[in-house]
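Q: Heads up: the sequence lines are chains A and B, in that order. The numbering used here applies: residue 534 is where the first sequence begins, and numbers increase by one. The numbering used here applies: residue 423 is where the second sequence begins, and numbers increase by one. Note that the Cβ used here is the ideal one computed from N, Cα and C, for glycine as well.
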Amino acid sequence: MNARRKIVVVIPAYNEAAVVGDVIASVPRCIDDMDVLCLVVDDGSTDDTADVARSHGAVALRHVVNLGVGAATRTGLRGAKEFNPDVVVTIDADGQHDPAEIASLVRCLVENKYDVVIGSRIHLKGMPALRVFANLFLNAVMFVVYGKVVSDSQSGFKAFNRRSLNIIELDSAGYEICSEIIGEIVRNQLSYKSLPVRAVYTQYSRAKGQPFLNGINLVLNVFVRMLRRV
Amino acid sequence: MIVLISQIFSLALALIVISKSYVDFRSRRESLPMFVVWTLTWAIIVSVALSPGLIEFLLRGNTAGAGIGRILGMGVVFEFFLLYRVYTRVERLEQKITALVQEVALRDGLKPGAKKGA
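#1: Could you tell me which residues DSSP pairs with A692(A) in its beta bridges?
#2: Along the chain, which unbroken stretches of the alpha helix (DSSP H) at least 4 residues long are found entirely within the region 458-517 of chain B?
#3: Enumerate in chain order the residues of its own chain whose CB-to-CB distance from T461(B) is below 7 Å, with the five nearest sequence positions on each side excluded.
#4: Can you check whether the C-beta of G707(A) is within less than 8 Å of a C-beta belonging to chain B?
#5: Please compile the residues from chain A whose C-beta is within a distance smaller than 7 Å of the C-beta of V523(B).
#6: For Y737(A), which of helix, strand or coil comes out of DSSP?
#7: If the cut is a Cβ gap below 7 Å, which residues of chain B does G612(A) touch?
#8: Is R758(A) closer than 8 Å to E713(A) when the C-beta atoms are compared?
#9: Who are L570(A)'s beta bridge partners in DSSP?
#10: Cα-Cα, which of V678(A), L671(A), N699(A), G680(A) is closest to Q486(A)?
#11: Would you give the residue range spanned by the beta strand (DSSP E) that K726(A) belongs to?
#12: Where do the ends of the alpha helix (DSSP H) carrying V592(A) lie?
#13: Taking 8 Å as the CB-CB cut-off, is A626(A) touching chain B?
#14: Would V683(A) and T623(A) qualify as a contact pair, given that the criterion is a beta-carbon distance under 8 Å?
#15: Find the residues of chain A that neighbour T461(B), judging by a C-beta separation of less than 9 Å, and give them in chain order.
#16: Here's a check: name, in chain order, each residue in its chain whose Cβ is nearer than 6 Å to the Cβ of C571(A), leaving out the five neighbours to either side.
#17: Compute the Euclidean distance between the alpha carbons of S449(B) and R640(A), then round it to the nearest angstrom.
#18: Which term fits F693(A), buried or exposed, when burial requires 16 or more other beta carbons within 10 angstroms of its beta carbon?
#19: Pick from H589(A), A583(A), L751(A), I718(A): whose alpha carbon is nearest that of N668(A)?
#20: Let's test the definition: count the other Cβ atoms within 10 Å of the Cβ of E709(A) and tell me whether it reaches 16, buried, or not, exposed.
#21: Mind pulling the beta strand (DSSP E) runs of 3 or more residues that sit fully within the region 660-717 of chain A?
#22: Whose CA, out of D619(A), D627(A), G601(A), lies closest to the CA of R568(A)?
#23: Considering only the alpha carbon of each residue, which of V649(A), V730(A), Y679(A), E615(A) lies closest to Q629(A)?
#24: Taking 8 Å as the threshold (beta carbon to beta carbon), is T520(B) in contact with chain A?
#25: Using beta carbons (cut-off 8 Å, strictly below), is A550(A) in contact with chain B?
#26: With DSSP run on the structure shown, which of helix, strand or coil describes A546(A)?
#27: For V553(A), report the span of its alpha helix (DSSP H) as first-last.
#28: Return the residue from the list I651(A), V665(A), I718(A) that minimises the CA-CA distance to N699(A).
#29: For M496(B), is the classification buried or exposed, using 16 other Cβ atoms within 10 angstroms of its Cβ as the cut-off for buried?
#30: Can you tell me where the alpha helix (DSSP H) holding F447(B) begins and where it ends?
#31: Give the residues of chain A in contact with E516(B), contact being defined as C-beta atoms less than 8 Å apart.
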């Protein structure tokens, strides 16, 4: 009898004890014939993020110091491999992404045999104007650097198949990991799809997002990375 | 106006570095020779910033002046070298710290008793 297929949902989290429980509880326990496991990476939180995650049935990995969302995502992807998943999904811990849409990403990935599916927040209403501008600007930078049009290059809501999980090499520590993933998709010629998803902008999730000026840092990182690869 | 701003900027930077160096020296994180080196170095930088004519005087048309010019040029190159060294060391340290923290998180979080929902 074949073992059931598995999806691991990686949730990088920093001081999200207030909401991570709700996010985990909203993740479906199975999608089609695939079991779903939540893996929370507590990035050196000063609250009880890891304990709350475990109490809601998630596996929790804990950084002893805060390293950044990029490092937390990488830890999560490495940890996910230990469970031999068929699909890995990354999702934000602040409730910005609707866990109910994980099924859409996974089905798009599996049915169309894409290597990566990116949940794109751009197509739908609700995103604050400043963030729309920042995201469009960064999308333009991605196009200049990598020659690829990605409608939401900075989305943390992504699904990876086993092949892409084993191929991509990441070393970013901060928010620049989103740009780095785009670079890896291009470098390894992975197939990808941007899928419109709903973004939930509460006062809490707006406060949690990256500062607008961090965009300058991201652009610099993209060009430094490009120079390294030359 | 720009000259004044650059002079104030140089003075402020020098004060920050010297005061930080002094604090490190007092808390025994820095040795006396290093404190003296940083203080002298920044004193020279500030002197040149506040009196740009000093360089011109030193370089004016004689053999000793040409020698000073070469020393200054070498000093600038050496500073960029130091900057490069510091940059690469910080990068490597960051990578090592990240790798260490990740290994601890994975080791502790994935040990048999800790796994749940698998």
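A: On the basis of the supplied data:
#1: The count along the first sequence starts at 1 and reaches residue 692(A) at position 159. V622(A), V650(A), per the DSSP bridge assignment.
#2: 475-481
#3: Residue mapping note: residue 461(B) aligns to position 39 of the second sequence, counting from 1. The beta carbon of T461(B) lies closer than 7 Å to those of I440, S443 in the same chain, with the five residues before and after it left out.
#4: Start at 1 with the first residue of the first sequence, and residue 707(A) comes out as number 174. So no, G707(A) is outside the interface.
#5: What you label residue 523(B) is simply residue 101 of the second sequence in a count that begins at 1. Chain order gives the chain A residues near V523(B) as H596, V597, V598, L600, where near means a beta carbon separation below 7 Å.
#6: Position 204 of the first sequence, counting from 1, holds the residue named residue 737(A). If DSSP states are grouped into helix, strand and coil, Y737(A) belongs with the helices.
#7: To locate residue 612(A), count along the first sequence from 1; it is residue 79. The contacting residues are L528, G531, L532.
#8: To locate residue 713(A), count along the first sequence from 1; it is residue 180. To locate residue 758(A), count along the first sequence from 1; it is residue 225. At a Cβ-Cβ threshold of 8 Å, E713(A) and R758(A) count as neighbours.
#9: Along the first sequence, read from residue 1 onward, the residue named residue 570(A) stands at position 37. Per DSSP, V541(A).
#10: Since the displayed chain A opens at 534 and closes at 763, residue 486(A) lies outside it and no answer follows.
#11: As a first step, residue 726(A) is located in the first sequence; it is residue number 193 there, counting from the start. Start and end: 725-729.
#12: Residue mapping note: residue 592(A) aligns to position 59 of the first sequence, counting from 1. V592(A) -> not in any alpha helix (DSSP H); beta strand (DSSP E) instead, spanning 592-596.
#13: By 1-based counting over the first sequence, the position of residue 626(A) is 93. Interface annotation, A626(A): not in contact with chain B, CB-CB separation never under 8 Å.
#14: Position 150 of the first sequence, counted from the first residue, corresponds to residue 683(A). Position 90 of the first sequence, counted from the first residue, corresponds to residue 623(A). Going by C-beta atoms, V683(A) is not nearer than 8 Å to T623(A).
#15: Here residue 461(B) refers to the residue found at position 39 when the second sequence is read from its first residue. Per Cβ cutoff of 9 Å: no residues; T461(B) is ~33 Å from chain A at best.
#16: Indexing the first sequence from 1 puts residue 571(A) at position 38. So the list reads V542, I557, V560, A591, once near-sequence residues are dropped.
#17: In the second sequence, residue 449(B) corresponds to position 27, counting from 1. In the first sequence, residue 640(A) corresponds to position 107, counting from 1. Going from the Cα of S449(B) to the Cα of R640(A) covers about 60 Å.
#18: Within the first sequence, numbered from 1, the residue matching residue 693(A) stands at position 160. It counts as buried.
#19: Here residue 668(A) refers to the residue found at position 135 when the first sequence is read from its first residue. The residue with the shortest Cα to Cα distance from N668(A) is L751(A).
#20: The residue you call residue 709(A) lines up with position 176 of the first sequence. By the neighbour-count rule (16 or more Cβ atoms within 10 Å), E709(A) is buried.
#21: 691-694
#22: Counted from its first residue, the first sequence places residue 568(A) at position 35. The amino acid at residue 568(A) is misidentified as Arg; the sequence shows Asp. Closest option to D568(A), Cα to Cα, is D619(A).
#23: Within the first sequence, the letter at position 96 stands for residue 629(A). That would be V730(A), whose Cα lies nearest to the Cα of Q629(A).
#24: For the purposes of this step, residue 520(B) is taken as residue 98 along the second sequence, with counting starting at 1. Yes, because at least one Cβ of chain A sits closer than 8 Å to the Cβ of T520(B).
#25: Position 17 of the first sequence, counted from the start, is the residue given in the question as residue 550(A). So, not an interface residue.
#26: Numbered from 1 along the first sequence, position 13 holds the residue referred to as residue 546(A). Per DSSP, reduced to three states, the secondary structure at A546(A) is strand.
#27: Within the first sequence, the letter at position 20 stands for residue 553(A). Where V553(A) is concerned, the enclosing alpha helix (DSSP H) stretches over 553-559.
#28: Residue mapping note: residue 699(A) aligns to position 166 of the first sequence, counting from 1. The shortest C-alpha separation from N699(A) is found at I718(A).
#29: Translated into the one-based positions of the second sequence, residue 496(B) becomes position 74. Classification for M496(B): exposed.
#30: Along the second sequence, one-based indexing puts residue 447(B) at 25. Looking at the DSSP string, the run of the alpha helix (DSSP H) that includes F447(B) is 424-448.
#31: Within the second sequence, residue 516(B) is the residue found at index 94, counting from 1. Per Cβ cutoff of 8 Å: A706.
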